[in-house]
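All remarks here apply to the structure that follows.
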């Protein structure tokens, strides 16, 4: 009896030499496609958020975009392989992470594998180059987690085109997001620079006049002058100013006028500023008995309701007074003592 065998029967198990392991360039390209878009967006948004006032609407936009980019990267690396079989980058490269028997790897194992890549990095990046010499092209993380990266040909040509189209769309979206964020950041910085320049110009023009009006008053208009000065002070500085005005009224009011001869802006933001002022003035009502004054002060300003107000006034050099148009001069030093001749000296 002759046994008849079906010559079309094929072996269902492929030998080991048929397995194709992913090359190092393919693995590197897949990693870049997986990580680079998210890393670019996160880096761009973090830099833009750093240059934006914390808590503003634009700061929240940058932080939200950064969070979305991080979440999308993690989903792509750890969850997408369980759904479609591979990450976006590995699908474009035509490779998959598998077990030594060729079975798919779950999300938990992929997560542990990504953390194990820290070992590849800690070993002076030797682990990342280990596939160049390993027979099965494994990194230290692959050796530790018992995984391999293999070339797969389970998709049709149209499916490959779809994956590449999706990858291209992701890269384009990341590039557009970075460009849009950069544009918003530039506009924000440009607006801040213009606002700071406007604030600097305002305080340079208004600051000296505000300090002059704050310190000047006359005997006939003292009530109105003091009320005007109180309106030029912030709520925090006003009680101190009122106490000084009350002390002046108790001591006896006399004409007091100041004018700024020079000033310099020390610092400025959109709603705060500091100035250094050199003041000159005169005190008294009798033209023949005027006292001329010089002083140096630091004035701190706050802007509320589009108005600059004095938040603090610090005297750096106490006022010096003099009469008849000349500053008061210190008395001359006493003459040196006459030398005493030594005892026993002749004439």
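Residue numbers (UniProt numbering): 1 to 347.
Just so it is clear, CB atoms sit at the ideal spot from N, CA and C, and this is done for glycine as well.
(request) Could you please give me the residues that DSSP links to residue 99 through a beta bridge? (result) The partner list for residue 99 (beta bridge, DSSP) is empty, contrary to what the question assumes.
(request) Have a look at 52, 102 and 179 and flag the residue whose alpha-carbon is nearest the alpha-carbon of residue 192. (result) Of the listed residues, the one whose Cα sits closest to residue 192 is 52.
(request) Following the continuous alpha helix (DSSP H) through residue 244, name the residue where it begins and the one where it ends. (result) Residue range 238-251 is occupied by the alpha helix (DSSP H) that includes residue 244.
(message) Per DSSP, what are the beta-bridge partners of residue 267 in this structure?
(response) The bridge partners DSSP lists for residue 267 are 274.
(message) Quick check on this structure: which residue in 206, 228, 205 and 207 has the alpha carbon closest to the alpha carbon of residue 216?
(response) Sorting 206, 228, 205 and 207 by C-alpha distance to the C-alpha of residue 216 places 228 at the top.
(message) Nearer than 7 Å: is that true of the beta carbon of residue 96 relative to any heavy atom of the ligand GTP?
(response) The model depicted lacks the ligand GTP and carries no ligand whatsoever.
(message) On the criterion of 16 or more Cβ atoms from any shown chain inside 10 Å, does residue 141 qualify as buried, or is it exposed?
(response) By the neighbour-count rule (16 or more Cβ atoms within 10 Å), residue 141 is buried.
(message) If we require 3 or more residues per run, which beta strand (DSSP E) segments fall completely within the UniProt domain "RDD" (22-145)?
(response) Counting only runs of 3 or more, we get 95-98.
(request) Can you tell me which of 19, 59, 65 and 60 puts its alpha carbon nearest to the alpha carbon of residue 39? (result) Closest by alpha carbon: 65.
(message) Would residue 349 and residue 280 be called neighbours here (beta carbons separated by less than 8 Å)?
(response) No answer is possible for residue 349: it lies beyond the span of the chain, which begins at 1 and ends at 347.
(message) For the pair the region 125-139 and the region 164-178, tell me if three or more CB-CB distances fall below 8 Å.
(response) Between the region 125-139 and the region 164-178 there are fewer than three C-beta pairs closer than 8 Å, too few to call the two in contact.
(message) With H, G and I counted as helix, E and B as strand and the rest as coil, what does DSSP make of residue 290?
(response) Assignment of residue 290 by DSSP, reduced to helix, strand and coil, places it in the coil class.
(message) Checking 8 Å against the spacing of the C-beta atoms, do residue 208 and residue 267 come in under that value?
(response) Not in contact: residue 208 and residue 267 (Cβ atoms no closer than 8 Å).
(request) Can you tell me which of 119, 79 and 27 puts its alpha carbon nearest to the alpha carbon of residue 349? (result) The structure shown has nothing for residue 349, since the chain only spans 1 to 347.
(message) Suppose the cutoff is 7 Å on Cβ atoms and the five residues either side in sequence are ignored; what does the same chain contact list for residue 37 look like?
(response) By the criterion of a C-beta distance shorter than 7 Å, residue 37 is surrounded in its chain by 170, 171 and 174, once the five residues flanking it on both sides are discounted.
(request) Keeping to the same chain, check which residues put their C-beta closer than 7 Å to that of residue 46; ignore five residues upstream and five downstream. (result) In chain order, 66 place their CB closer than 7 Å to the CB of residue 46, counting only its own chain and leaving out the 5 sequence neighbours on each side.
(request) Answer yes if the region 98-115 comes into contact with the region 74-84, meaning at least three C-beta pairs across the two stretches below 8 Å, and no otherwise. (result) Segments in contact, yes.
(request) Give me the Cα-Cα distance between residue 151 and residue 98, rounded to the nearest whole angstrom. (result) Here the alpha carbons of residue 98 and residue 151 stand approximately 10 Å from one another.
(message) Are the CB atoms of residue 88 and residue 203 within a distance shorter than 8 Å?
(response) Note that the C-beta distance between residue 203 and residue 88 is not below 8 Å.
(request) Following the continuous beta strand (DSSP E) through residue 151, name the residue where it begins and the one where it ends. (result) According to the DSSP assignment, residue 151 belongs to the beta strand (DSSP E) that extends over 148-151.
(request) Would you mind working out which of 147, 139 and 224 sits nearest residue 104, comparing C-alpha positions? (result) Measuring from the Cα of residue 104, the nearest candidate turns out to be 147.
(request) With residue 228 as the anchor, note down where its alpha helix (DSSP H) starts and where it stops. (result) From DSSP, the alpha helix (DSSP H) with residue 228 extends over 222-231.
(message) For a quick check, are the C-beta atoms of residue 320 and residue 304 less than 8 Å apart?
(response) Going by C-beta atoms, residue 320 is not nearer than 8 Å to residue 304.
(request) Enumerate in chain order the residues of its own chain whose CB-to-CB distance from residue 282 is below 6 Å, with the five nearest sequence positions on each side excluded. (result) Excluding sequence neighbours, residue 282 sits near 257, 290 and 292.
(request) Out of 123, 49 and 248, point me to the one whose CA is closest to residue 219's CA. (result) Comparing Cα-Cα distances from residue 219 to each of 123, 49 and 248, the minimum goes to 248.
(request) Measure the Cβ-Cβ separation of residue 284 and residue 255 and say whether it is below 8 Å. (result) Contact flag set, yes.
(message) In this structure, how does DSSP classify residue 201 when only helix, strand and coil are distinguished?
(response) In the structure shown, residue 201 sits in a helix (DSSP, three-state: H, G or I).
(request) Just the C-alpha distance for residue 287 and residue 239, rounded to the nearest angstrom, thanks. (result) Spanning the two alpha carbons is a distance of roughly 33 Å.
(request) Sort 58, 139 and 221 by Cα distance to residue 116 and report the nearest one. (result) Check the Cα spacing between residue 116 and each of 58, 139 and 221: the tightest is with 139.
(request) Return helix, strand or coil for residue 300, following the three-state DSSP convention. (result) In the structure shown, residue 300 sits in a strand (DSSP, three-state: E or B).
(message) If the criterion is Cβ atoms closer than 8 Å, does the pair residue 22 and residue 149 meet it?
(response) Yes, these two residues count as a Cβ contact at 8 Å.
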